[in-house]
Every structure is written in structure tokens, then in C-alpha cells.
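Engineer:
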Amino acid sequence: MMTDSLERFLQDLRFDVPAGLVDRAKAAVAVDATGARQAVRGTVHNRVDFDTPRHGWTLAVVAALLAIAIVATLVFTARSLHPRQITPANPIPHRAASSASCSVQVSQRPSQVIPEKMLSPTTGWAQGALRTTDGGLHWRDTSAPQPNRAPGPTGYDDFFLDSTHAWTAQAVSSPTSCAAVTFMTTDGGQTWHQSEPVSVDVQADSEVELQLNFIDAQHGWLLAEAGQWMFGHGPVDAYLYVTSDSGLHWREISHRPGTAASGACEAKLGNVVFASQATGWSQLPRQCDTTLLVTRDGGVTWKAQRLPHPKVASCPCWAGLPTFFDQKRGIVSVFDDAGAQSLLATSDGGSTWSYRALPPTGYSLTIDFIDANTGWDTVTPPGWSKLSGAPKDWLYRTNDGGQTWTLVQADLPLGFPIFGLWFVDANNGFAAQQNVALTGPELLRTTDGGQTWKVIETQILRT
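According to the numbering used here, the residues represented by the sequence shown are 886 to 1348, in order.
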């Protein structure tokens, strides 16, 4: 129960914890408890979103406490955002509000820069709709106003399509109802447009987790999961909504009720990603092995598809969430219980998947591709073991879709927990990691393809 709660806690704070990074933290504790650095996240919402499943971690209590402490320093637990011009959507008929309230929390403005998507050498987005136009030095709070009852970490999500189009989703509650509201901007956060409330049927005092995904400026999906999962109580229901007008109006297209089963594979909707208006993928718990759910009708119906086991993995294994570069070509990460990460690729829209080798020197940690051919991977150095403490990682690059890898630089200044890697072209890239003082994230930048990195002193600008 403790490990299940920890995993849900980490995911509710929107940090993904790949297998292997946890082992690094446990090793660091064993070597030097005062200098331990817990790796809490691999890649955030960048081009390769390797979300690990929400169930089944087996951590020692001391590692669990350390993970919670560090994650708490990385995530802004509040999101109360300043007033900004907003246009409400025209009312449309929608399902009546649920008869039960959901659990939300009053929140504050973001106090730390946690990047989510860098789009060019100058422009990028961070959690809470922080936006930079000077390469990460200054981040302006462009976020939309919040409803009267603001959400906590489990009731918020954001999605950044490009430099001007972005969406946020927030859970709102009254004594008798629970709903989600989305906000959309087309001008980089100068103005926001609010959707009609989207009703979410919940049991009393349920928590609601939201996830957004868009393939273009008009077509997107909103996943709402409702349940009492913080302490592992009861089932989690999943509701999927679709929009074709940029998020102003949503309609429910799929509902998968949860079950109270424990330890078994439950084929319910998890995190979702779409490659086209028709084809999308949903992640399943780790008990489901390498199985994902796939839809070919825009999310109305879903079927299970089992991915091949990696050649080098010691299964049981589980699959992350695929990333597609177009409607045909994509990649997906597979993890095993030993902490190894493997890569699969498809060129036929996910009908078939084939194995791609990763650098052989150690554990692959954070992977980022800018297209189907060009990508980077941070890897533990040769000879590193789980008792060696936190290493200085090595950086590799591929130009052939993962068929071969070339060492870019050894002993990177990226030896602390890395929770984001974003290359925007062959030369310019960004990385986010836990700082030495364990007080929050630090952002680094390279302009030579990853050979050298420089820390950026970030600043949040208020208006």
C-alpha cells in the first residue's frame, strides 16, 4: 500500500519516474545519506513522453521518503493565476453536473520554472503557462484566470502545441458537482478563451486527474480520471472527451469504469496520445506487461495491443506512452524490473513495432528525438553500478532512428536527477535537473549539440 500510494503521489505531482532512476537514489542513500540525490523524473512532456505506469513500485521506506521530499521541492503545489483577458464559450447543451463534489485545493502562483516544451533556441513553455522568449532567462506568467475553487496537482494539466497555441485544464467543484474547465490561447497567453464546464461523474470526495492532448489547433482530447487513489482506495473511472473547435466545447466519447481489483491488469484508459484524428494510444498499468490500448476511431472504442518484448530486457516489462512524429512513424519506450529501458519503433502507424538498440554503456535515462531519425540519450557511464551513487551521465546521439549511437560527451554536468531533455535542432538543446542544494530545478543549455552545457539563471516575471 505504501509503494502504490507513493507512485500515485509522484504521478499526481506530474513527475514520471522511470525504472532505474529509483535505483540510483537507493544507491545514493547507501553511499552517503547526507549527499544523496534522488532521481525523480526522466523526460517530462517533451517529444518523447516516457510515462511510467502508476502501480507496483517496490521501494524501501527511506527511498520513498527521500523521493517525496525531493519531488516536493520540484513541483509547485499551487496554481492560483493572476487575472487576464478571457472570453467564455457560448453555452451548448451538455450533460448535467454530477451529484457529488470532488476534492480540489486552493493554489498559488508557480514559484519555480519547470520546463515542459522548448520550441526554439529562444521560445518555450513551463508548467503553469510560464513562457520564455529569450532562451530561458526570463519566464513570463501568461496563465489564464482560475475558477473560484482552484485545483491542486491532481486537478490540473496543460498542453503546449507550439509557440502560440496552448491549453490548460482545471477541475472545479461545488458542494453538489464536479467539472473540468479548459482554457485556450492562440497568441502566446495574451488572451484566453474559456470552455463550457465539462461534467465529470464522481463518487463523493473523489480526486480528479486531467490530461490534455492536441494534434493541431482544433482537434484535441481531454481525459478525466476520478477516484480515491491517493491511498489506494477504490476504483478509478476514466472519461474521455473530444473537441473539434480548439477546446471551446467538449463531448464525451468513451467511459471506462474502474474496478476494485488489485494486482491484476485492468484495461482502462490511462494517459492518452493521438497520432491523428483517428488513431490514439492509451497507457496501461505495469501489471499489463507491454500491452497498450489503441483506438482507430478517434477514441470511441479501444482494443488491446501487446508490443514485442525487447531483446535485452529481463521481463516482466511494461510500456510507456508512444510518441509519433507523423501519422506513420513513432517510438515507444519499454521498461523492465531491473531498471533497463528499451526502445521500439514503428513506420506503419503502430501496426507493427521493431526493436532499436540503445547505447550499451549503461542505463538509458532520458531520451529526446526531434524527428524520426535524430535523437539523444543520457546514459550512466561504463562500470556504473547501483551502489556507485549518482554518476555524471554520458550523452549519445543517433542520426538513423536508433540503429546506431555515437558518443557526444562523457561526464556531463547532468549527474543529478534529470527530469527533462529538449533539443530544438542539431545544435541547440536544454536540460532540467535537480540543483545541488536540492531546493528546486535548474535549467541548462547547449549550443554545440551537447558537448558543453551552461546553467541558466531563470527568473519569473509577474505582470
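Just so you know, even glycine gets a beta-carbon here, dropped at the ideal spot from N, CA and C.
#1: Per DSSP, what are the beta-bridge partners of V1158 in this structure?
#2: By the three-class DSSP mapping on this structure, what secondary structure does C1173 have?
#3: Hey, would you say W1024 sits closer than 7 Å to A1011, going by beta carbons?
#4: May I ask which residues mark the beginning and end of the beta strand (DSSP E) holding P1000?
#5: Going by the beta-carbon positions, is the gap between T1067 and W1077 smaller than 7 Å?
#6: Please classify G1334: does DSSP put it in a helix, a strand, or coil?
#7: In this structure, how does DSSP classify G1009 when only helix, strand and coil are distinguished?
#8: Pull the bridge partners of A1056 from the DSSP assignment, please.
#9: Buried or exposed, going by whether 16 or more other CB atoms sit within 10 Å of the CB of G1165?
#10: Considering only the alpha carbon of each residue, which of L1095, G1074 and L1306 lies closest to V1157?
#11: Work out the CA separation of D1026 and G1184 for me, nearest whole Å.
#12: How long is the line joining the alpha carbons of D1310 and S1161, rounded to whole angstroms?
#13: So, are the CB atoms of G1235 and Q1294 less than 7 Å apart?
#14: Tell me which same chain residues have a C-beta within less than 6 Å of the C-beta of T1283, skipping the five on either side of it?
#15: Could you give the DSSP three-state label for L1328: helix, strand or coil?
#16: Just to confirm, is the Cβ distance from R1016 to G1074 under 7 Å?
#17: Can you look up G1073 in the DSSP assignment and give me helix, strand or coil?
#18: Skipping 5 residues on each side, what residues in its chain have a beta carbon closer than 7 Å to that of L1177?
#19: According to DSSP, simplified to helix, strand and coil, what is G1132?
#20: Return the residue from the list F1220, T1008 and S1028 that minimises the CA-CA distance to S1048.
#21: Mind checking whether L1097 and A1065 have CB atoms under 7 Å apart?
#22: Assign H1140 to one of two classes, buried (16 or more other C-beta atoms within 10 Å of its C-beta) or exposed (fewer than that).
#23: In chain order, what residues of the same chain lie with their CB nearer than 6 Å to the CB of C1200, ignoring the 5 residues before and after it?
#24: Quick check on DSSP: helix, strand or coil for G1247?
#25: How many whole angstroms separate the CB atoms of A1111 and V1087, which I take to be in contact at a CB cut-off of 8 Å?
#26: With burial defined as no fewer than 16 other Cβ atoms inside 10 Å of the residue's Cβ, what is the status of A1029: buried or exposed?
#27: Compare the C-alpha of S1091 against each of C1063, L1228 and I1100 and name the closest.
#28: Hey, how far is the Cα of V1093 from the Cα of L1292?
#29: Could you tell me how far apart the beta carbons of Q1344 and L1107 are, in whole angstroms, since I believe they sit closer than 8 Å?
#30: For N1312, count neighbouring Cβ atoms within 10 angstroms of its own Cβ and tell me buried if that reaches 16, exposed if not.
#31: Quick check on the burial criterion: 16 or more other C-beta atoms within 10 angstroms. Buried or exposed for T1337?
#32: Grab the span of the beta strand (DSSP E) containing S1218 for me, first residue to last.
#33: Using only the alpha-carbon positions, how far apart do T1208 and S1080 sit?
#34: Check whether the Cβ atoms of G1215 and T1237 lie closer than 7 Å to each other.
Structural biologist: This is what the structure holds:
#1: Position 273 of the sequence shown, counted from the start, is the residue given in the question as residue 1158. Its beta-bridge partners are W1166.
#2: Here the question's residue 1173 lines up with position 288 in the sequence shown. Three-state result, C1173: helix.
#3: Against the sequence shown, residue 1024 aligns to sequence position 139. Against the sequence shown, residue 1011 aligns to sequence position 126. In this structure, A1011 lies closer than 7 Å to W1024 by Cβ.
#4: Stepping through the sequence shown from its first residue, residue 1000 is reached at position 115. Its beta strand (DSSP E) spans residues P1000 to M1003.
#5: The residue you call residue 1067 lines up with position 182 of the sequence shown. The residue you call residue 1077 lines up with position 192 of the sequence shown. Taking 7 Å as the Cβ cut-off, T1067 and W1077 do not qualify as a contacting pair.
#6: Here residue 1334 corresponds to residue number 449 of the sequence shown, with the count starting at 1. In this structure, G1334 counts as coil in the three-state DSSP scheme.
#7: Taking the sequence shown and counting its residues from 1, the one referred to as residue 1009 is at position 124. Note: G1009 maps to strand in three-state DSSP.
#8: Residue numbering aside, residue 1056 sits at position 171 when the sequence shown is read from its first letter. A1065.
#9: Taking the first residue of the sequence shown as 1, we reach residue 1165 at position 280. The residue is buried, with at least 16 neighbouring Cβ atoms inside 10 Å.
#10: Counting from 1 along the sequence shown, the entry for residue 1157 is found at position 272. Ranking the options by Cα distance to V1157, first place goes to L1095.
#11: Residue mapping note: residue 1184 aligns to position 299 of the sequence shown, counting from 1. Residue mapping note: residue 1026 aligns to position 141 of the sequence shown, counting from 1. Going by the C-alpha atoms only, they are around 33 Å apart.
#12: Counting from one through the sequence shown, the residue named residue 1310 turns up at place 425. Counting from one through the sequence shown, the residue named residue 1161 turns up at place 276. Answer to the nearest angstrom: the Cα atoms are 24 Å apart.
#13: Looking up residue 1235 in the sequence shown gives position 350. Looking up residue 1294 in the sequence shown gives position 409. Not a contact, by the Cβ cut-off of 7 Å.
#14: Looking up residue 1283 in the sequence shown gives position 398. So the qualifying residues of the chain are G1260 and W1290.
#15: Reading the sequence shown from its first residue, position 443 is the one you call residue 1328. Correct three-state label for L1328: strand.
#16: Counting from 1 along the sequence shown, the entry for residue 1016 is found at position 131. Counting from 1 along the sequence shown, the entry for residue 1074 is found at position 189. In contact: R1016 and G1074 (Cβ atoms closer than 7 Å).
#17: Position 188 of the sequence shown, counted from the first residue, corresponds to residue 1073. G1073 falls in the coil class under three-state DSSP.
#18: In the sequence shown, residue 1177 corresponds to position 292, counting from 1. Around L1177: W1166, S1167, Q1168, L1169, Q1190, L1192 and A1204.
#19: For this step, residue 1132 is matched to residue 247 along the sequence shown. Of the three classes helix, strand and coil, the one that applies to G1132 here is coil, per DSSP.
#20: Within the sequence shown, the letter at position 163 stands for residue 1048. Considering only alpha carbons, the answer is T1008.
#21: Here residue 1097 is taken as the residue at index 212 of the sequence shown, counted from 1. Here residue 1065 is taken as the residue at index 180 of the sequence shown, counted from 1. No.
#22: Indexing the sequence shown from 1 puts residue 1140 at position 255. Flag for H1140 reads exposed.
#23: Translated into the one-based positions of the sequence shown, residue 1200 becomes position 315. Hits under 6 Å: H1194 and D1221.
#24: The sequence position of residue 1247 within the sequence shown is 362, counting from 1. It is coil, neither helix nor strand.
#25: Against the sequence shown, residue 1111 aligns to sequence position 226. Against the sequence shown, residue 1087 aligns to sequence position 202. About 4 Å separates the two Cβ atoms, so the contact holds.
#26: Along the sequence shown, read from residue 1 onward, the residue named residue 1029 stands at position 144. A1029 is buried by the Cβ-count criterion.
#27: Locating residue 1091 in the sequence shown gives position 206, where the first residue counts as 1. It is C1063 whose Cα lies nearest to the Cα of S1091.
#28: Along the sequence shown, read from residue 1 onward, the residue named residue 1093 stands at position 208. Along the sequence shown, read from residue 1 onward, the residue named residue 1292 stands at position 407. Straight-line Cα distance between these residues: approximately 43 Å.
#29: Against the sequence shown, residue 1344 aligns to sequence position 459. Against the sequence shown, residue 1107 aligns to sequence position 222. 32 Å between Cβ atoms; not a contact.
#30: One-based indexing of the sequence shown puts residue 1312 at position 427. Looking at its Cβ environment, which holds fewer than 16 other Cβ atoms inside 10 Å, N1312 is exposed.
#31: What you label residue 1337 is simply residue 452 of the sequence shown in a count that begins at 1. Answer is exposed; the Cβ neighbour count stays below 16.
#32: Sequence index remark: in the sequence shown, residue 1218 carries index 333 (1-based). Segment G1215 to D1221, the beta strand (DSSP E) holding S1218.
#33: Here the question's residue 1208 lines up with position 323 in the sequence shown. Here the question's residue 1080 lines up with position 195 in the sequence shown. Near 27 Å, if we compare the C-alpha coordinates of S1080 and T1208.
#34: Along the sequence shown, one-based indexing puts residue 1215 at 330. Along the sequence shown, one-based indexing puts residue 1237 at 352. No.
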